[in-house]
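Sequential numbering of the sequence shown, starting at 1, is according to full-length UniProt numbering. Glycine included, every Cβ here is placed at the ideal spot set by N, Cα and C. Everything numeric in this text was worked out from a predicted model, so none of it was measured.
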Amino acid sequence: MNQLNIKIIISFLGLTSMLNGVFMLIAVPFSIYHKEEAQWGILYAGLTTIALGFTLWFTNRKAKKNLGKKEGYIIVTLGWLMLSFTGTLPYVFTNTIPQFTDAFFETISGYSTTGSSILTDIESMPKGILFWRSATHWIGGMGIIVLTVAILPLLGIGGMQLFMAEAPGPSADKMHPRITETAKRLWLIYFSLTFTEFFLLKIAGMTWFDAINHAMATMSTGGFSTKNSSIAYYNNAPLIQYIITAFMFVAGANFVLTYFALKGKIRKVFKSEEFKYYFFGVIGFTLVLTIIILNYRDPNLVTSIHHPEPYGKIESAFRHAAFQVVSVLTTTGFVSADFTMWSSIGTMLMFSLFFIGGSAGSTSGGVKIVRHIIIIKNSILEFKKLLHPHAILPVRYDGAGIQQNIVFNILSFFVLYMGIFIVSSVILAIFGLDFISAMGAAASSLGNIGPAVGTVSPVDNFSHLSIPAKWTCSFLMLIGRLELFTVLILLTPFFWKKN
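Listed below in structure tokens is the structure:
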């Protein structure tokens, strides 16, 4: 291979750091408005991050503009690490999360849109820090890399390699043939939906501060809340929960389909196999869990977190079932009730959603629905091939044949995903978690979900994990967010070999 363009890699990391620092400074006015001492720590963190980024960019600004696939993988992985390490500075400088391991865990949980937290009293945190915490979700949701791709042409750099590394899922849909235009339109949709949800939540009764934070966390499918009890705090405000449920559903759908829907091409949306499985899957799981909830009359088994309400009413049962199904399926991780109390069957159904995920081309994590569809179709074809060994039977998706190499890639992804889940569960058990909690933490971190089962259930958090366990979960969040291959390929010896 040609020599790696190290300077363009460093230059890009500098640009990423500068943008991250600018986002930090946006949090300063929130601290000033609430007259918080934290304003200075956030300000210093933002300026430090910008200065670091400017130094890296300025000293390498004359680098050659050629950007290959290998540079793309390195930039995306190191870019996310750069975001995560510099993103800890507001927590550390304000002394709100003084321990670096905890600060890094909270930060990468934000950028990866996982939503797992080590904070035990969220409502006591400074408002500026809470805004920054939600902002890490929003930045990571669509990807700071895609945002930067939109301005790379101004620097004379092509962005296709970065976009493919940032979003390596099986969907090849593009809204526009030019990658820059695609990135811009993605961000326009993302911003517009976030603002719309903010407006609706404010009308529904949230404070403007809570509305903007929850809107950012919803559209990024992140799950950080400004309340200790998450969305269970609003159990007496059903409209708020319905609004969040609707926007979680939209955020978990393919953004290309959202673009078509906004253009009025509704038929194209419902022609998508993945969307149909997504839509009817949500309905099916919701109805089953509604029945399960209604069959439990003991309030101790079905009470919501800190804010109990009667579950005997069909509306209440349906609302919480729908909310939790959409929250877990889209890997958002908001909580309106402790789903681990919905009987062993209900808990198992919810845990199974950990391994499904949302749609390809969305901000959600997990395996993704389209991969499951193709795996199932390929498995059915294998039975047919036993009867007709000489027949050519391609896997078909949305009416078109799928190339065999894509099928192999999806099968490899699934095997690797499940293998990492098993190995990381064992590792977390070695680091002190019990069997159920280890599996829950591994599945939640790898799938970027948030609350899990065991001692990391919706009524608990990750603060009690040992330091090695927190770093293990942090690594799982990173590779899960970048869909395994983007990060893991850097750990292979052949990636670094010269051709």
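Query, Result
"Tryptophan 496 to leucine 490, Cα distance in whole Å?", "8 Å"
"Give me the Cβ distance between phenylalanine 209 and alanine 217, rounded to the nearest whole Å; I'm assuming they're in contact under 8 Å.", "The Cβ separation is near 13 Å, so there is no contact."
"Quick check on phenylalanine 236: buried or exposed, where buried means 16 or more other Cβ atoms within 10 Å of its Cβ?", "Position check: residue 236 holds asparagine in this sequence, whereas phenylalanine was assumed. Its Cβ having fewer than 16 others within 10 Å, asparagine 236 is exposed."
"Taking the alpha-carbon positions, what's the valine 269 to asparagine 20 distance?", "34 Å"
"I'd like the ranges of any alpha helix (DSSP H) spanning at least 4 consecutive residues and lying wholly in the stretch 389–423.", "none"
"State the Cα-Cα distance for the pair phenylalanine 104 and valine 92, rounded to the nearest angstrom.", "10 Å"
"Here's the rule I'm using: 16 or more other beta-carbon atoms within 10 Å means buried, otherwise exposed. How should alanine 391 be labelled?", "exposed"
"Whose C-alpha, out of Phe485, Ala442, Ser272, Leu52, is nearest the C-alpha of tyrosine 397?", "Ser272"
"So, at 8 Å on beta carbons, what are the nonlocal neighbours of arginine 481 in its own chain, with the 5 sequence-adjacent residues on each side left out?", "Trp80, Tyr111, Ser112, Thr113, Thr114, Gly140, Gly365, Asn448"
"Among the candidates Lys35, Met341, Phe12, whose CA atom is the shortest distance from the CA of lysine 65?", "Phe12"
"Among Gly454, Gly450, Ile420, which residue has its Cα nearest to the Cα of phenylalanine 435?", "Gly454"
"Going by alpha carbons, who is nearest to isoleucine 373 out of Glu274, Pro238, Thr59?", "Glu274"
"Between which residues of its own chain and aspartate 121 is the CB-CB distance below 7 Å, once the five residues before and five after are set aside?", "Asn228"
"Compute the Euclidean distance between the alpha carbons of glycine 143 and histidine 137, then round it to the nearest angstrom.", "10 Å"
"Quick one: what's got a C-beta closer than 7 Å to phenylalanine 260's C-beta in the same chain, skipping five residues either side?", "Lys268, Val269"
"Are there 16 or more other CB atoms within 10 angstroms of the CB of tryptophan 132, so buried, or fewer, so exposed?", "buried"
"Along the chain, where does the alpha helix (DSSP H) containing phenylalanine 475 start, and where does it finish?", "467–481"
"DSSP on proline 168, reduced to helix/strand/coil?", "Residue confidence is low: proline 168 scores 48 on pLDDT, short of 50, so the model does not pin down where it sits. No coordinate-derived value is stated."
"Since leucine 15 and glycine 46 should fall inside the 8 Å C-beta cutoff, what is the C-beta to C-beta distance between them, to a whole number of angstroms?", "Contact flag wrong, Cβ pair sits at about 16 Å."
"Please confirm whether threonine 94 and alanine 38 have their CB atoms less than 7 Å apart.", "yes"
"Hey, alanine 251 and methionine 219: beta-carbon distance below 7 Å or not?", "yes"
"Exposed or buried, what is serine 336 when buried is set at 16 or more other beta-carbons lying within 10 Å of its beta-carbon?", "buried"
"Using the beta-carbon count (16 or more within 10 Å), is asparagine 254 buried or exposed?", "buried"
"What is the DSSP secondary structure of leucine 488, reduced to helix, strand or coil?", "helix"
"Using the three-state DSSP reduction, which class does aspartate 102 fall into: helix, strand or coil?", "helix"
"Rounded to whole angstroms, what's the CA-CA distance from phenylalanine 191 to leucine 386? Just pull it up for me.", "50 Å"
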